[in-house]
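*Asks:*
Residue numbers (this note's numbering): 1 to 340.
(1) For the region 132-181, which segments carrying the alpha helix (DSSP H) assignment without a break, of at least 4 residues, lie completely within its bounds, in sequence order?
(2) To which residues does DSSP link residue 245 through a beta bridge?
(3) Looking only at its own chain, which residues have a Cβ that is under 6 Å from the Cβ of residue 180, when we skip the five neighbours before and after it?
(4) For the region 30-118, which segments carrying the alpha helix (DSSP H) assignment without a break, of at least 4 residues, lie completely within its bounds, in sequence order?
(5) According to DSSP, simplified to helix, strand and coil, what is residue 329?
(6) At the level of alpha carbons, what is the spacing between residue 137 and residue 130?
(7) Compute the distance between the beta-carbons of residue 88 and residue 19, then report whether it is under 7 Å.
(8) Give me whichever residues DSSP pairs with residue 260 in a beta bridge.
(9) Hey, quick one: how far does the beta strand (DSSP E) through residue 186 stretch, first residue to last?
(10) Where DSSP assigns a beta bridge to residue 124, which residues make up the other side?
(11) Between 30, 66, 65, 53, which lies nearest to residue 103 when the distance is taken from Cα to Cα?
(12) If you follow the alpha helix (DSSP H) that residue 284 is in, where does it begin and where does it stop?
(13) Might you give, ordered along the chain, the residues of its own chain that have their beta carbon closer than 8 Å to the beta carbon of residue 36, omitting 5 neighbours on each side?
(14) Taking 7 Å as the threshold (C-beta atoms), are residue 150 and residue 184 in contact?
(15) Using a Cβ-Cβ cut-off of 7 Å (strictly less than) and excluding sequence neighbours within five positions of residue 208, which residues of its own chain qualify?
(16) Which class does residue 306 belong to by DSSP, given the choice of helix, strand or coil?
(17) Is residue 111 near residue 82, with beta carbons less than 7 Å apart?
(18) Rounded to whole angstroms, what's the CA-CA distance from residue 73 to residue 325? Just pull it up for me.
(19) State the Cα-Cα distance for the pair residue 316 and residue 258, rounded to the nearest angstrom.
(20) Using the C-alpha atoms, what's the distance from residue 69 back to residue 352?
(21) Return the bridge partner residues of residue 318 from the DSSP annotation.
(22) Which residue's Cα is closest to the Cα of residue 321: 300, 294, 302?
(23) Per DSSP, residue 211 forms a beta bridge with which residues?
(24) Could you compute how far the alpha carbon of residue 182 sits from the alpha carbon of residue 246?
(25) When you compare only the Cα positions, how much space is there between residue 285 and residue 242?
(26) Taking C-alpha atoms, which residue in 262, 127, 239 lies nearest to residue 198?
(27) Can the beta-carbon of residue 176 be found less than 7 Å from the beta-carbon of residue 101?
(28) Output needed for residue 178: all residues of its chain with C-beta closer than 8 Å, excluding positions within five of it in sequence on either side, in chain order.
(29) Suppose you measure from the CA of residue 330 to the CA of residue 291; what does that come to, to the nearest Å?
(30) Quick one: what does DSSP say residue 266 is sitting in, helix, strand or coil?
(31) Determine the burial state of residue 25: buried for a count of at least 16 other Cβ atoms within 10 Å of its Cβ, exposed for fewer.
(32) Regarding residue 274 and the ligand SAH, is the C-beta to nearest heavy atom distance less than 6 Å?
(33) So, helix, strand or coil for residue 10, using DSSP?
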């Protein structure tokens with residue numbers, strides 16, 4: 001799909017509150033023990049059955065969803081993973097899968113190769129085994145990732161390696177990019193470590209230091225070009241959450257975004273169309289204007305800012321306030337631009 005067509009689809013969907021993109025959790029279970037992970041596995045709650053997942057997918061399709069990302073937890077930890085993906089494929093979604101790659105074997109990859117999979121996104125935590133395995137807490141996870149990427153590429157499936165950058169792997173970010181290039185995988189890097197969705201703040205202690213962030217940003221030629229565009233500040237405050245984007249958690253709750261861990265309603269009790277149209281939370285999000293964010297409206301570094309309302313909410317307590325982490329990153333980016 002060309003970028004121009006995609007941009008028009010997303011723009012029209014945003015204006016018309018059409019949920020064209022959905023992040024869909026099929027489980028919260030994961031056998032990794034990553035300390036930075038935002039996902040809280042509430043074992044007291046029942047996860048959706050295969051039939052319930054299919055019912056929600058049908059409703060999403062009827063609501064206009066085109067792009068579906070199947071995620072977890074680790075989605076492959078469900079025994080009916082392939083059955084779910086095949087059903088979603090039959091529904092005609094443009095599919096992406098997020099996985100840690102540990103369970104991606106020959107049989108699974110072969111099955112996926114016959115489906116409409118845009119790409120498989122895999123988190124990479126280091127350029128060497130000791131770093132990656134040290135973060136996942138799962139011995140052998142680095143070697144399994146490398147093997148899985150090669151297997152996916154061999155079977156014609158696109159791979160995006162998601163570089164999750166934190167203080168204890170920041171020095172390897174260039175080597176991680178080189179590894180992605182060697183594996184012929186697309187590389188996406190992100191230094192934004194978020195709180196847990198049960199409000200736990202322990203992951204934020206793992207964020208890259210100011211010095212590490214500066215080195216990362218200097219290396220990001222694309223990031224610097226982004227700042228040089230001098231985009232109008234209000235464009236940074238437009239968020240697709242609850243407008244053209246939604247999320248469904250493993251328990252059947254409809255969310256505006258996984259970064260805003262507040263249920264708009266249970267899809268096991270109400271229809272998607274009803275919640276999407278009538279949820280007070282979603283209406284509130286759609287009504288937020290730049291002028292409502294008083295701390296940010298006249299900010300001198302707004303053009304460098306990628307403020308996330310969800311991050312502002314979970315870490316700083318308000319959808320209408322600043323994001324302290326966005327402010328920190330923006331100040332560092334501005335200092336880089338001022339010296340160039």
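C-beta: ideal position from N, C-alpha, C; glycine also.
*Replies:* In brief:
(1) 141-154
(2) The residue you call residue 245 lines up with position 245 of the chain shown. In DSSP, residue 245 forms a bridge with 21, 241.
(3) Position 180 of the chain shown, counted from the start, is the residue given in the question as residue 180. Within the same chain, residue 180 has close Cβ partners 161, 187.
(4) Qualifying alpha helix (DSSP H) stretches, in chain order: 50-63, 81-90, 106-113.
(5) In the chain shown, residue 329 corresponds to position 329, counting from 1. Helix, per DSSP.
(6) As a working note, residue 137 is residue 137 in the chain shown. As a working note, residue 130 is residue 130 in the chain shown. Their backbone Cα atoms lie some 10 Å apart in a straight line.
(7) Mapped onto the chain shown, residue 88 falls at position 88. Mapped onto the chain shown, residue 19 falls at position 19. Not in contact: residue 88 and residue 19 (Cβ atoms no closer than 7 Å).
(8) Stepping through the chain shown from its first residue, residue 260 is reached at position 260. 257, per the DSSP bridge assignment.
(9) Counting from one through the chain shown, the residue named residue 186 turns up at place 186. Residue 186 -> beta strand (DSSP E) spans 186-190.
(10) Your numbering for residue 124 matches position 124 in the chain shown. Per DSSP, 163.
(11) On the chain shown, residue 103 is found 103 positions in, with the first residue counted as 1. Comparing Cα positions, the closest option is 30.
(12) Here residue 284 is taken as the residue at index 284 of the chain shown, counted from 1. Here the alpha helix (DSSP H) through residue 284 covers 280-286.
(13) Numbered from 1 along the chain shown, position 36 holds the residue referred to as residue 36. Result list for residue 36: 135, 164, 166, 193, 203, 206, in chain order.
(14) Mapped onto the chain shown, residue 184 falls at position 184. Mapped onto the chain shown, residue 150 falls at position 150. Not closer than 7 Å, so no.
(15) Within the chain shown, the letter at position 208 stands for residue 208. If we look at residue 208 and ignore the five residues flanking it on each side, its Cβ neighbours are 165, 166, 167, 170, 191, 216.
(16) Stepping through the chain shown from its first residue, residue 306 is reached at position 306. Coil at residue 306, not helix or strand.
(17) As a first step, residue 111 must be located in the chain shown, where it is residue number 111. As a first step, residue 82 must be located in the chain shown, where it is residue number 82. Yes; because the gap between Cβ atoms is below 7 Å, this pair is in contact.
(18) Taking the chain shown and counting its residues from 1, one reaches residue 73 at position 73. Taking the chain shown and counting its residues from 1, one reaches residue 325 at position 325. Cα-Cα distance, rounded: 25 Å.
(19) Walking along the chain shown from the start, residue 316 turns up at place 316. Walking along the chain shown from the start, residue 258 turns up at place 258. Looking at the two C-alpha atoms, the distance is approximately 16 Å.
(20) Nothing about residue 352 can be read from this structure; the chain reaches only from 1 to 340.
(21) Taking the chain shown and counting its residues from 1, the one referred to as residue 318 is at position 318. Beta-bridge pairing links residue 318 to no other residue.
(22) Within the chain shown, residue 321 is the residue found at index 321, counting from 1. Here the closest residue by C-alpha is 294.
(23) Residue 211 sits at position 211 when you count from the first residue of the chain shown. DSSP, once it has assigned bridges, lists no residue as partnering residue 211.
(24) Against the chain shown, residue 182 aligns to sequence position 182. Against the chain shown, residue 246 aligns to sequence position 246. Between residue 182 and residue 246, the C-alpha separation is close to 34 Å.
(25) What you label residue 285 is simply residue 285 of the chain shown in a count that begins at 1. What you label residue 242 is simply residue 242 of the chain shown in a count that begins at 1. When rounded, the distance between both Cα atoms is 7 Å.
(26) Reading the chain shown from its first residue, position 198 is the one you call residue 198. Taking only the C-alpha atoms, the option nearest residue 198 is 262.
(27) Along the chain shown, read from residue 1 onward, the residue named residue 176 stands at position 176. Along the chain shown, read from residue 1 onward, the residue named residue 101 stands at position 101. Not a contact, by the Cβ cut-off of 7 Å.
(28) In the chain shown, residue 178 corresponds to position 178, counting from 1. Excluding sequence neighbours, residue 178 sits near 127.
(29) Taking the first residue of the chain shown as position 1, residue 330 is located at position 330. Taking the first residue of the chain shown as position 1, residue 291 is located at position 291. One C-alpha to the other measures close to 20 Å.
(30) Residue mapping note: residue 266 aligns to position 266 of the chain shown, counting from 1. Three-state DSSP puts residue 266 in a strand.
(31) Counting from one through the chain shown, the residue named residue 25 turns up at place 25. By the neighbour-count rule (16 or more Cβ atoms within 10 Å), residue 25 is buried.
(32) The model depicted lacks the ligand SAH and carries no ligand whatsoever.
(33) What you label residue 10 is simply residue 10 of the chain shown in a count that begins at 1. Residue 10: helix per DSSP, three-state reduction.
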